[in-house]
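In this text, residue positions in the sequence shown follow numbering that gives the first Met the number 0: the first is 0, and each later residue adds one. Below is one structure, written out as structure tokens; comments come after it.
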Amino acid sequence: MEGSSTPPSSAGGSRRVRARMRSRRTRLIAGLAVAAGLTGAAVATPSFAHEEPQAAGKQHRTESASPFTGLPAKPNPVLAVKIDNHKDARPQTALEDADIVGVEKVEGGLGRLFAIYSSHYPKTLGPVRSAREYNVEQMRMFQRPALAYSGARKEVVDLINKSPLYGISHDDYPKDYERGGDNEPPHNLYGHPDKLLKDAPHASKASDIGFRFGAAPGGGKPTKETSVDYGSSKTTFDWSAKEKRWLASFDDKPAKSTSGKRLGGKTVIIQKTDMPPDSSGTTPYIKTVGSGDATVLRDGKAYETKWERKSATGDTTYTLSNGKRMPFDRGQVWLVYQQR
């Protein structure tokens with residue numbers, strides 16, 4: 000036909016080819032659906048499928064969410080590390096990589112830290128310092144984690160060795176650690192997570208410890224700054240609207256990592272509890288089993304809650320006055336123990 004760029008016979012052939020291709024696609028989709036039914040495989044849903052919004056106060060329950068941060072993560076083994084927070088030990092290394100950072104009171108009104116790693120393992124972390132008696136009961140919330148530490152009283156070492164914890168001390172596993180950096184001993188001991196976890200081959204993987212993540216609840220008191228003072232050490236948190244997290248300071252100085260990053264968390268828990276002397280008579284025994292008041296900081300507000308942990312292997316729950324669980328913001332959590 001004059002003026003036509005495609006012969007009639009070719010156009011008809013193209014229509015027949017397209018029709019056969021549509022037919023084949025239809026049969027292929029039907030076949031895949033049947034195969035999925037036979038094998039139990041899930042049929043993929045379109046990327047634009049509607050997702051129900053997550054209710055406030057409920058756990059972020061995708062298979063890849065960390066129970067410690069609410070962020071995507073594989074269920075890796077838990078590595079707990081006692082971290083030095085003496086002024087001569089700062090800045091610390093790789094605290095920004097931890098899922099949870101804890102602040103504890105020790106003898107003389109000084110502070111000590113612990114860090115929980117599972118979502119990410121840095122190459123090096125520290126400085127690593129000694130364990131305390133209460134750490135055994137405290138760390139059982141993670142079931143059977145690896146506990147990295149350097150030194151402790153004989154009674155404490157015996158307690159750790161008799162417990163289900165994997166006690167990976169510098170004394171027993173020196174190859175897992177090294178001295179380095181600019182600090183003087185004993186503030187310059189660093190651990191290597193890959194080596195530490197090899198010596199804890201069956202360490203428990205991250206599991207629910209009672210944290211819940213979701214949208215901020217109503218109420219809360221607008222708060223710019225909160226401090227916990229142990230007498231010889233102080234930890235302060237300032238809300239940064241720009242970074243949308245709580246920036247930490249130690250003894251009124253910005254807390255930073257050796258990487259230069261400012262330390263801080265999306266959620267801060269100030270857990271009030273009893274701290275009677277331990278068996279040494281000089282070191283506080285921080286009671287983590289029981290109940291009491293806790294202030295939860297998130298999104299520039301302070302929420303008053305009740306904490307409860309019924310047993311050493313039990314979860315710690317944080318409950319609002321209306322009886323609902325307090326939802327945390329997703330990201331690194333700081334847990335600070337305060338004498339009540």
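Don't be surprised by glycine CBs; every beta carbon is placed ideally from N, CA and C. All values derive from a computational prediction rather than experimental measurement.
In this structure D273 is exposed. Its beta-carbon is surrounded by fewer than 16 other beta-carbon atoms within 10 angstroms. In the structure shown, G280 adopts coil according to DSSP, grouped into three states.
At the C-beta level, K86 and P283 stay beyond 8 angstroms of one another. In the three-state DSSP reduction, Q137 falls in the helix class (H, G or I). Between the segment 246-266 and the segment 89-104 there are three or more inter-stretch CB-CB distances shorter than 8 angstroms, so the stretches are counted as touching. In the same chain as V127, and ignoring 5 residues on each side of it, the C-beta atoms closer than 8 angstroms to its own belong to V80, K81, I82, D83, A147, Y148, S149, H169, Y176, L188, Y189 and G190, in chain order. In the three-state reduction of the DSSP assignment, D292 falls in the strand class. Nearest in C-alpha terms to E224, of all of G218, V100, P216 and K233, is K233. Relative to S203, the option among K194, Q337, S65 and P74 whose CA is nearest is P74. DSSP assignment within the segment 159-207 yields the following whole beta strand (DSSP E) runs of 3 residues or more, N-terminal first: 165-168, 176-178 and 188-190.
Around Y165, the same chain offers A145, A199 and A202 as residues with beta carbons nearer than 6 angstroms, after the five sequence neighbours per side are excluded. Look at V335 here: in three-state DSSP terms it is strand. If one requires a minimum length of 3 residues, the beta strand (DSSP E) runs lying completely within the segment 302-333 are 316-318, in chain order. Judged by DSSP secondary structure, S248 falls within the beta strand (DSSP E) whose first and last residues are R244 to F249.
Approximately 4 angstroms separates the beta-carbon atoms of G69 and R329; this is inside 8 angstroms, confirming the contact. With a beta-carbon spacing of about 6 angstroms, I208 and T315 fall inside the 8 angstroms limit used to define contacts. Shown here, L94 sits in a helix according to DSSP, grouped into three states.
The three-state secondary structure of E224, taken from DSSP, is strand. One Cα belongs to D277, the other to I285, and the distance between them is close to 9 angstroms. Pairing Q337 with V267 gives a Cβ-Cβ distance that is not under 8 angstroms.
For V155, the secondary structure class from DSSP, reduced to helix, strand or coil, is helix.
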